[in-house]
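Asks: If you scroll down you'll find the structure; I have some questions about it.
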Amino acid sequence: SAAAYKGCPDHWTAIGDKCFRTFDEETEWREAEYSCREHGLDSHLASINSLEEQEFLEAQLVNRECNNQTDAWIGLNCERRDRLFEWSNGDDVRYTNWAPGEPNHQNNGENCVKAHYEED
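The UniProt record's numbering puts the sequence shown at residues 1 to 120.
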């Protein structure tokens, strides 16, 4: 059976059985993933597996818009040789509410994914 969920540390937000936290530093994807891992809690960049998690991420991006930070790295990447997208924490890619045509490996150069917010 699964271990009981024990909540999140200070400055982290619980969504389901996961803890989320946003950081304002601008960095490359690998550095961001490494920084998450340094925080313990088996941390990785966010994997988005439900509408609830997507809406939380969108709310965080709306809150950051006043600082002109309208995107954030998430854990989706295709660093593997087979070029299939996967989550950095090992979750299966099941929830795929992306913008039309995304992610698309544009020019074979998009190996990592950012969530982006813009008003309609």
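From the three backbone atoms N, C-alpha and C, an ideal C-beta is built for every residue, glycine too.
Values in this document were obtained by computation on a predicted structure and should not be read as measured data.
Can you name the start and end residues of the alpha helix (DSSP H) that Ala-32 belongs to?
Replies: Taken as a continuous stretch (DSSP letters only), the alpha helix (DSSP H) holding Ala-32 covers 29 to 38.
Asks: On the DSSP bridge assignment, give the partners of Thr-13 in chain order.
Replies: Its beta-bridge partners are Phe-20.
Asks: Can you tell me whether Val-113 is buried or exposed? The criterion is at least 16 other CB atoms within 10 Å of its CB, across all chains shown.
Replies: It counts as buried.
Asks: In this structure, what does DSSP give as the bridge partners for Asp-71?
Replies: Per DSSP, His-116.
Asks: Can you grab the Cα-Cα spacing for the pair Cys-19 / Gln-106, in whole Å?
Replies: The straight-line gap from Cα to Cα measures roughly 31 Å.
Asks: Within its chain, find whatever has a CB closer than 6 Å to the CB of Ala-72; leave out the 5 residues flanking it on each side and keep chain order.
Replies: Taken in chain order, the residues that qualify are Ala-115.
Asks: For Glu-86, which three-state DSSP category applies?
Replies: DSSP places Glu-86 in strand when its eight states are reduced to three.
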